[in-house]
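Asks: Protein chains in written order, with my numbering: chain A, 1 to 290; chain B, 1 to 757; chain C, 1 to 159. We put the CB at the ideal spot given by N, CA and C, even for glycine. Predicted model only: the values in this text are computed from it and were never measured.
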Amino acid sequence: MIKDFEHFAPKTLKEALTLLDKYQDEAKIICGGQSLLILMRQGLVAPEYLIDIKGISELSYIKSDGKGGLKIGALTTHRTIEKSSQMRDGFAVLAEMETRLASIQTRNWGTIGGNLCHGDPAGDPAPVLIALNATLKMASLKGERSLPVEDFTLDYFETALKTGELLTEITVPAPPAHTGTAYTKFNIIESDLATVGVAASITLGAGDSCQDIRIALGAAAATPMRAKKAEAVLKGKKISDALLAQAGETASTEADPISDMQASEEYRRELVKVLVPRISKEAMARAKKA
Amino acid sequence: MSEYSVIGKRVHRVDGPEKVTGSAKYTFDLVLPGMLYGKVLRSPHPHAKILKIDTRKAKRLVGVKAVVTGKDTLGHKQGIWRRFPELCDEEILCREKVRYIGDPVAAVAAIDEDTAEEALDLIDVEYEPLPAVFDPLEAIKEDAPQVHDGIELNININRHIEWGDVDEAFKKCDHIREDQFKCSSQAHVCMETHDAVVSYDYGGKMTVWTSTQSSYYIQRLMADMTGLREGDIRVIKPPTGGGFGSKFELDSAQFCAAILSMKLCKPVKIVLSREEEFTATKRRTPMYYFLKLGAKKDGTLLAKEARVITEGGAYTAMGATALYLTGFFSSFPYKYPNYRYDGYRVYTNTAVTSAMRGFGAPQSTFVGESQLDMMAEDLGIDPIEIRRKNGMTPNYEVPGQAFIQSCGLHQCLDKIEEHVKERGKLPPNHGIGVSAYGFMSGGIFNWFDTPYAFSAAVVRINIDGKVDLFTGACDIGQGSDTTLSMICAEELGVKLEDIRIHAADTGICPPDLGAWGSRETLMNGNAVKRAAAECKRQLLEFAAAKMAPNIAYDFDIKDRWVHLVDRPERGVSYFDIVKEAIRGKDGNAIMGRGHYTPHRKGMISPAYSFGVQAAEVAVDTETGRYKLVNVTTAHESGTVINPVGIEGQLEGAIMMAGGYGFCEDQPMDEGKILNPSIADYKLIRSLDMPETDILEIDTYEPEGPFGAKEAGEGLTNPTAGAIGNAVYKAVGVRINDLPITPEKVLKALKEKEKKKK
Amino acid sequence: MKKELKLKVNGQPYDIFVKPKTLLVEALRDHLALTGTKRGCNSSSCGACTIMLNGMAVKSCSILALQANGAEIVTIEGLAKGTELSPLQKAFLDHGSYQCGFCTAGMLMATTALLTENPKPTKQEIKEGIDGNICRCTGYNSIIRAVTAVVKGEYKEAK
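(1) Would you mind sorting residue 513 (chain B) into buried or exposed? The rule is 16 or more other CB atoms within 10 Å of its CB.
(2) Residue range of the beta strand (DSSP E) that residue 52 (chain C) falls in?
(3) Can you tell me whether DSSP reads residue 2 (chain B) as helix, strand or coil?
(4) Is there a Cβ from chain B that is less than 9 Å from the Cβ of residue 60 (chain C)?
(5) When we look at the beta-carbon of residue 1 (chain C) and count the other beta-carbons within 10 Å, is it buried (16 or more) or exposed?
(6) Given residue 157 (chain A), which residues of its chain have a CB within under 8 Å of its CB, disregarding the five upstream and five downstream residues?
(7) Which residues mark the beginning and the end of the alpha helix (DSSP H) in which residue 111 (chain B) is found?
(8) What does a CB cutoff of less than 7 Å around residue 572 (chain B) pick up in its chain, not counting 5 residues either side in sequence?
(9) DSSP state of residue 47 (chain B), grouped into three classes?
(10) What residue does the alpha helix (DSSP H) around residue 88 (chain A) start on, and which one ends it?
(11) Going along chain C in order, which residues have a C-beta closer than 7 Å to the C-beta of residue 108 (chain A)?
(12) Around the C-beta of residue 282 (chain B), are 16 or more other C-beta atoms found within 10 angstroms, so that it is buried, or is it exposed?
(13) Closer than 7 Å, Cβ to Cβ, to anything on chain B: give me those residues from the stretch 105-129 of chain C, in chain order.
(14) Report yes if the C-beta distance between residue 265 (chain B) and residue 342 (chain B) is below 9 Å; otherwise report no.
(15) Can you tell me which of the three DSSP states residue 613 (chain B) falls into?
(16) With a floor of 3 residues, list each beta strand (DSSP E) that falls wholly inside the stretch 26-102 of chain B, ordered by position along the chain.
(17) Taking residue 6 (chain A) as the query, report the chain C residues whose CB atoms sit under 7 Å from its CB, ordered along the chain.
(18) How would you write the range of the alpha helix (DSSP H) that residue 383 (chain B) sits in, first residue to last?
(19) Can you give me the start and stop residues for the alpha helix (DSSP H) that residue 106 (chain A) sits inside?
(20) Quick one: what's got a C-beta closer than 7 Å to residue 25 (chain C)'s C-beta in the same chain, skipping five residues either side?
(21) For residue 60 (chain B), count neighbouring C-beta atoms within 10 Å of its own C-beta (all shown protein chains included) and say buried if the count is 16 or more, exposed if not.
(22) Buried or exposed for residue 736 (chain B), going by 16 or more other Cβ atoms inside 10 Å?
(23) Quick check: is the beta carbon of residue 40 (chain C) nearer than 9 Å to any beta carbon in chain B?
(24) Taking contact to mean 3 or more Cβ pairs, one atom from each stretch, closer than 8 Å, check whether the stretch 255-270 of chain B and the stretch 297-317 of chain B are in contact.
(25) So who's on the other strand from residue 209 (chain A), going by DSSP bridges?
(26) Nearest to residue 661 (chain B) by alpha carbon, out of B:182, B:162, B:293 and B:353?
(27) Determine which residues share a DSSP beta bridge with residue 558 (chain B) and list them.
(28) Alpha carbons only, please: which of A:27, A:150 and A:226 is nearest the one belonging to residue 215 (chain A)?
(29) Residues of chain A with CB closer than 8 Å to the CB of residue 50 (chain C), please, in chain order.
(30) In the DSSP output, what is residue 106 (chain B) paired with across the bridge?
(31) Identify each residue in the stretch 734-745 of chain B for which the Cβ-Cβ distance to at least one residue of chain A is less than 9 Å, and report them in chain order.
(32) Under three-state DSSP, which class holds residue 10 (chain C)?
(33) Whole angstroms is fine: what's the gap from residue 62 (chain B)'s alpha carbon to residue 117 (chain B)'s?
(34) Alpha carbon to alpha carbon, how far is residue 663 (chain B) from residue 738 (chain B)?
(35) Measure from the C-beta of residue 157 (chain A) to each C-beta in chain B and report whether the shortest distance is under 9 Å.
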């Protein structure tokens with residue numbers, strides 16, 4: 001049963017921040033509500049005040065950052081991203097990720113900002129955004145600040161957002177030349193949450209050596225995480241199957257997954273071990289074409 | 001059989017227009033004037049004594065109209081095995097003890113659902129937790145906690161089936177295999193959860209609208225539990241959002257709403273939440289299976305022994321039937337000259353296990369078909385060949401158990417063999433697994449102890465030729481309203497649109513045991529056919545008098561044309577004959593009654609259907625993940641009455657049985673089901689659904705209406721086994737416990753690698 | 001405490017007052033008595049509550065009614081034109097794309113939205129279009145056949 005609450009529907013960011021400042025921890029933000037309403041129904045979240053930002057149109061956009069990158073408003077729906085013509089070349093991976101995120105209905109109403117703020121380690125967008133080296137902009141009445149996506153989730157369902165703060169924008173920088181990014185998730189039911197998700201972004205240098213690499217894991221720890229040790233295995237080297245396998249091994253060791261109904265800890269590590277080389281290969285193939 | 005004008009045609013379901021426009025009103029949609037909303041308080045303990053229930057605070061909450069506990073009931077225990085009082089063990093509202101997490105202890109009626117839910121929090125129940133036991137193998141140990149007092153080793157019921165001399169036969173076998181299996185639980189996941197609106201009035205009459213598979217059972221059981229006379233209880237089944245075996249026992253929604261309504265003389269509605277549906281309604285019976293199979297070198301199966309221990313959960317429910325049927329169907333669909341089965345159903349402090357589509361046979365088919373493939377491999381015989389060698393044939397007697405008349409198993413094997421050959425060489429890590437099955441067309445057993453015929457129907461012809469068909473059969477989505485209307489129209493010689501069916505309302509329909517055990521088409525179909533034939537007989541008397549041909553001529557009706565069988569052009573309109581017949585009967589409408597109870601048909605069922613299924617999987621050997629590529633089924637169900645219905649049954653069965661093999665499970669921790677939501681309980685969705693092909697085999701069942709038999713549950717039997725066999729064919733690992741998850745496959749692959757080294 | 005909610009549902013404007021916690025599905029079913037839309041799970045998982053909101057398929061159990069203020073909504077009750085069924089409704093009848101019927105409203109709304117957005121979907125796109133909807137009876141394939149038949153132009157739109 002959802003507990004009664006007072007509902008506000010601000011039309012501007014300013015109004016929203018003012019309300020958030022006023023009610024502080026007694027308020028909760030709702031946007032698409034695709035996750036929040038489930039928690040509220042279970043009684044796990046019972047705010048006094050609900051600040052409904054779904055109608056703040058100024059926060060729903062996809063635009064260029066002027067340097068080849070993208071700025072995505074936090075209220076942009078998954079479906080808008082999936083269908084956007086701007087999700088091409090280096091950003092195509094974002095649209096690909098979205099097509100496997102839950103159902104069309106959920107993507108039509110749910111937003112990318114809401115997904116990130118939910119802080120679920122199994123969420124799809126975070127690993128991809130981490131691989132793409134994206135940053136998040138947060139606003140409060142006191143001002144704005146930015147944070148890399150990889151630093152945003154602190155623990156299970158806990159983010160770096162402070163009281164009074166709202167996630168407003170995601171900036172995805174232009175990928176360097178010869179960069180390819182790919183994402184996959186393992187699950188049993190196609191549209192389900194990830195049992196394990198892996199994103200990789202590879203920049204190829206001279207002679208197809210790995211000039212730079214970012215590997216991000218979903219559902220492999222309490223938060224979406226970068227597999228930095230695995231990256232180190234490949235960085236600066238000429239990528240080979242043996243090296244990729246070693247990177248997979250390393251990633252599976254640095255991951256810190258749990259055992260639950262979907263999979264045991266060992267199986268999750270095994271999946272990381274298999275998927276890191278696979279998706280790195282895919283990223284590399286894309287980098288060659290980029 | 002092209003002589004039929006209704007049967008075998010692709011028609012719209014009779015409930016179609018209502019369902020595609022959203023105008024069908026389910027119990028879930030009903031609102032009565034002055035109606036209250038009920039909620040049920042359930043035990044958080046797997047096993048505990050109830051020391052005290054304090055409802056005072058809840059009663060004081062504004063908007064709460066009544067709070068009831070076990071003390072407000074007659075204290076009767078109920079169960080569906082009514083012939084055996086010791087197996088009637090469920091109070092529904094517990095008075096002294098709770099036996100699983102979800103056992104009801106109190107119920108509230110309030111002006112709205114939120115108030116009722118709030119009131120639940122205000123009920124103070126003092127429990128004394130007791131030691132609990134969750135696994136049947138633990139529960140049968142000497143020192144295990146007792147789920148029900150005085151039940152030795154927690155054994156709820158045991159079943160023994162035997163023919164031939166098994167021990168002697170094993171001595172003659174060239175090869176014997178002994179294997180163990182574990183079959184998991186499965187939730188029905190009806191889209192409409194259990195729900196009921198119960199209205200008890202000051203005149204002492206009760207009306208129950210409920211989502212059920214048997215309005216008659218609910219009427220009878222409700223009478224047992226409330227002390228009302230059966231005739232004072234009218235149970236009406238509105239359109240029902242699925243059943244699959246979960247909805248033919250008296251449930252907490254129905255009973256609690258009834259007790260509350262009797263207190264208030266106001267209608268009370270209870271709809272179980274999805275979480276309650278997962279945790280506090282019945283589920284498929286998990287089983288430990290121990291199989292011993294012996295064969296000659298040439299693949300002739302000489303003996304089989306099956307020992308089964310099932311997780312019963314807290315009460316008997318229909319689990320006793322599942323225990324019996326899994327034992328019987330463990331011998332299917334093969335001619336074992338020597339067979340022995342011993343099954344034990346064991347009480348545990350877990351949610352009650354009971355009937356679910358296939359009723360014990362999906363379990364026995366999974367284990368039996370897996371083991372048979374292993375045996376074939378050991379002997380170096382092709383899996384289809386070993387099935388052919390031992391498969392049942394028409395007019396076969398299962399010794400002392402059953403007589404099988406029609407049987408198209410061998411044609412099905414031929415078709416599937418062709419299909420496998422056509423697929424040719426498969427890509428790497430693909431495999432096709434085969435599984436054969438049989439199933440019953442309704443049960444003969446009467447543990448419910450009904451004094452009525454198993455099925456009955458009344459047909460009434462109105463002055464304008466429109467036909468009212470009254471039957472207790474329950475359409476829960478499987479399409480019995482349409483199938484029975486088609487049978488009625490065919491027998492009477494009218495068009496489908498001439499029939500209006502009134503079903504599953506105990507106030508106006510004759511009793512029928514309801515929709516379980518794949519019984520409606522054959523059993524109710526026979527009753528309907530006989531009722532229609534009785535009407536036709538009356539009409540033909542008038543036709544004969546009117547047309548006055550040589551008495552050697554036979555009459556019939558087809559497409560609304562009453563005619564001489566040998567001179568079809570000589571006839572009169574059905575509508576004219578109806579008018580004259582009613583006038584001729586002094587205005588008495590034409591009515592026919594029909595009933596069906598199987599006699600001299602063995603102990604199980606009057607007829608059996610058969611089929612063979614081939615599942616193709618593609619395995620990712622690095623992750624163990626496999627895809628269901630294609631499921632092709634050759635099956636026979638006698639004369640096909642409603643082809644669109646059969647397609648639906650078949651494809652739907654693959655979704656459910658594929659899920660049983662692939663992903664569905666109910667993991668527990670200390671008796672608590674861990675995944676009580678559709679988000680966490682994995683169901684096959686459209687993107688996961690394999691391609692499905694159907695190869696129809698013609699058979700004719702002499703006992704069935706127009707030669708028809710079941711096509712509902714049997715189709716759930718083969719898939720898990722076919723998947724298991726396919727995974728083995730693809731990558732050489734055998735998974736003996738369901739579901740066959742990628743994690744288990746990968747683990748087995750790794751172990752296989754290790755062994756190689 | 002209740003707030004005003006203006007909706008246009010199946011072309012009909014409504015002006016009602018709801019508690020803020022009212023879900024859109026509750027507003028439709030309990031306030032407007034449009035019970036064709038079902039609820040199967042309450043966790044945004046089963047799709048039985050799918051409706052069209054401003055042309056998009058959404059799950060009405062996972063949207064606050066107030067979030068739909070001012071929206072144009074189509075429910076299962078709005079698909080037929082008078083007594084003339086929509087092409088998808090007719091195709092569902094012909095192909096037996098429903099059994100118990102409890103998921104049918106959601107399935108029809110999901111597929112109607114799909115064809116509104118993409119009149120010529122591939123089979124894969126049809127599967128994606130109904131992947132958010134559970135059907136425990138049919139196994140989906142008959143639904144896919146019905147949609148395919150409509151895509152092929154086998155059914156005419158009612159005038």
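Replies: The structure says:
(1) buried
(2) 50-53
(3) The predicted model places residue 2 (chain B) with a pLDDT of 45, which falls under 50 and marks its position as unreliable; any figure quoted below should be read in that light. When DSSP states are grouped into helix, strand and coil, residue 2 (chain B) belongs to the coil group.
(4) no
(5) exposed
(6) Hits under 8 Å: 118, 119 and 120.
(7) Run containing residue 111 (chain B): none; DSSP gives neither H nor E here.
(8) 543, 546, 547 and 562
(9) Of the three classes helix, strand and coil, the one that applies to residue 47 (chain B) here is coil, per DSSP.
(10) Where residue 88 (chain A) is concerned, there is no enclosing alpha helix (DSSP H), given that its DSSP letter is neither H nor E.
(11) 56, 57 and 58
(12) buried
(13) 105, 108, 127 and 128
(14) Going by beta carbons, residue 265 (chain B) and residue 342 (chain B) fall outside the 9 Å limit.
(15) strand
(16) 36-42, 48-54 and 64-69
(17) Scanning chain C for C-beta atoms nearer than 7 Å to the C-beta of residue 6 (chain A) yields 20, reported in chain order.
(18) 383-390 is the span of the alpha helix (DSSP H), which, as asked, contains residue 383 (chain B).
(19) 104-109
(20) Setting aside the 5 residues that flank it on each side, residue 25 (chain C) is surrounded in the same chain by 37, 39, 49, 60 and 61, each with a C-beta closer than 7 Å to its C-beta; the list follows chain order.
(21) Counting every other CB atom within 10 Å of its CB across the protein chains shown gives residue 60 (chain B) a total below 16, marking it as exposed.
(22) buried
(23) yes
(24) no
(25) In the DSSP output, where bridge partners are listed per residue, residue 209 (chain A) has A:238.
(26) B:182
(27) B:561
(28) Nearest of A:27, A:150 and A:226 to residue 215 (chain A), Cα basis: A:226.
(29) Those within 8 Å of residue 50 (chain C) in chain A are 105.
(30) B:41 and B:69
(31) 741, 742 and 743
(32) coil
(33) 12 Å
(34) Linking residue 663 (chain B) to residue 738 (chain B) through their CA atoms gives a straight-line distance of about 9 Å.
(35) With a threshold of 9 Å between beta carbons, residue 157 (chain A) makes no contact with chain B.
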